[in-house]
Structure formats: C-alpha cells, structure tokens
C-alpha cells in the first residue's frame with residue numbers, strides 16, 4: 176500500500192515541527208512491527224524454555240501422579256513432552272508475530288490521532304495501553320492455571336468469561352484514550368492526566384467487580400508455591416513480549432531528521 180499516514184499530530188510542548196516530519200507508509204509501519212514482534216517472541220520463548228518450563232514439568236508430574244491407575248502405561252502419548260516443549264517455544268514466537276501484525280495495523284490507522292509529537296513516545300504509549308488491556312487486567316481477573324488445575328467441564332464457560340472480559344478491557348482502554356483527548360483539549364496537562372487516571376481506575380475497578388470469578392477452584396493438595404510461580408511466570412512471559420515489542424518498535428520508529 177503506497178498511501179502515507181501523517182507522521183505526527185499537533186500537540187502542545189516542545190518537539191519537532193509536525194509539518195516538517197516525514198510521512199510513513201502502512202507497509203513501513205507493519206514491517207517494523209513484525210520485526211519487533213519476532214524479536215519479542217524470541218525473547219519470550221527464551222524465558223519459557225529456561226524458566227517457565229520447570230513449573231510446567233512439575234505440574235505435569237502432579238497431574239500424572241493423580242491419574243494413577245487411570246493411565247495406561249502401554250500406550251504411547253500422542254504428543255511427547257519434548258514435542259510439547261518445542262510447541263510452547265514456537266507458540267511464544269508466533270504470539271509475538273501476531274502482536275506485531277495486529278499492533279502494526281492498528282497503529283498505522285490511528286497514529287495520527289495520538290496527540291504526542293514524538294513517534295517513539297506514541298509507540299510506547301499505545302504498547303503500554305495494549306499491555307494493560309490485553310495482558311495485565313485479564314491476568315489479574317483470570318490468572319493462568321497450570322496442568323492439574325481446572326475442571327475440564329468448565330472450559331467453555333471459562334473461555335467465554337475470559338474473552339468477554341478481554342473485549343471489555345480493550346473497549347475501556349479506547350474509552351480512556353478518548354476521555355483523555357477531550358480533557359486535554361480543555362484543561363492543563365496535569366489536570367487532564369489526573370482526571371483521566373481517576374476515570375481509568377474507576378473503570379478498571381468496575382470491570383474487576385462486574386465479571387464473575389472463575390468457576391474453577393484449585394485442586395486440593397496442589398502446591399500453593401507452584402501455582403504462584405506458574406501464574407507469575409505466565410504474566411512475566413506476556414510482560415516480556417510487550418516490553419520488548421514496545422522498546423524495539425519504538426527504536427525502529429524513532430524519527431530521523
């Protein structure tokens with residue numbers, strides 16, 4: 176696509192003149208985002224392989240021990256543990272790539288609406304909002320569970336709750352951005368930021384209260400420390416992806432004059 180998106184928007188404060196900033200095509204933005212996503216996914220895969228897999232191994236061992244006589248030792252598993260590990264590492268890389276494609280597409284479409292002159296700050300602002308809406312808030316409401324935790328009969332219910340909450344979090348993030356833009360046009364920056372922060376906190380609290388708790392309970396006897404480690408490592412993986420992506424995308428998007 177050859178059409179160019181405006182590189183900057185009018186904003187108060189010091190910074191380069193928006194009129195003199197170079198235009199950036201959709202293809203350029205998308206290529207940067209894909210490259211940043213691949214890098215972020217690779218770093219996340221490295222963390223999973225070196226750290227998170229230990230918790231998964233421990234949880235699987237508990238699950239297999241609980242199965243006891245229900246397992247059939249003479250049957251070969253459809254997927255070996257080694258294949259699962261490789262699949263998990265590839266999933267992290269693919270997730271980073273998906274983040275890059277989606278972020279790049281959205282950012283290219285709305286970047287001229289973000290009232291921040293500096294391109295890198297725009298990227299970091301949007302990446303931070305995306306992280307909070309798609310990773311942090313869902314993890315707080317519905318934290319990840321390791322193998323051996325969770326009732327298979329509630330999978331559909333848990334999936335619906337998670338994705339509806341995810342959609343509501345994204346809508347809230349968009350709404351907060353719109354509120355800030357309106358407030359910033361009528362008030363000083365400090366006042367606009369304060370009022371927007373209050374709106375965001377109220378909205379987050381409303382979401383966390385409105386959505387039902389997970390229908391699952393932790394399996395009796397499951398180690399609390401292992402459960403905590405798994406959930407922290409799951410959120411850390413997402414944090415690595417978004418932090419690495421935001422920094423890499425911001426660096427690639429830095430303005431050159």
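In the numbering used here, the protein residues as written are 176 to 432. We put the CB at the ideal spot given by N, CA and C, even for glycine.
Proximity to residue 408 [Cα-Cα], best of 343, 310, 392: 310
Burial state of residue 412, where buried means 16 or more other Cβ atoms lie within 10 Å: buried
Collapsed DSSP secondary structure at residue 290 in the structure displayed: coil
For residue 321, the first and last residue of its enclosing alpha helix (DSSP H): Run containing residue 321: none; DSSP gives neither H nor E here.
Simplified DSSP assignment, three categories, for residue 199: strand
CA-to-CA distance, residue 353 to residue 265, given in whole angstroms: 36 Å
Among 395, 307, 231, 275, nearest to residue 257 - alpha-carbon criterion: 231
Same chain, Cβ closer than 7 Å to residue 351, five either side skipped, listed in chain order: 371, 374, 375, 378
Simplified DSSP assignment, three categories, for residue 363: coil
Whether residue 212 touches residue 262 by CB criterion (8 Å): no
Separation of residue 362 from residue 281, as counted between CA atoms: 28 Å
Reference residue 338; option with closest CA among 322, 359, 312, 285: 312
Cβ neighbours of residue 421 in the same chain (closer than 6 Å, five flanking residues each side left out): 299, 302
Sequence-distant residues of the same chain with beta carbon closer than 6 Å to residue 322, five excluded per side: 234, 235, 238
Counted within 10 angstroms of its Cβ, other Cβ atoms place residue 402 as buried (16 or more) or exposed: buried
Helix, strand or coil at residue 255 according to DSSP, with G and I counted as helix: coil
Where residue 244 sits in the DSSP three-state scheme: Caution applies to residue 244, whose pLDDT of 47 falls short of 50 and renders its modelled position unreliable; the value that the coordinates give is listed next. Note: residue 244 maps to helix in three-state DSSP.
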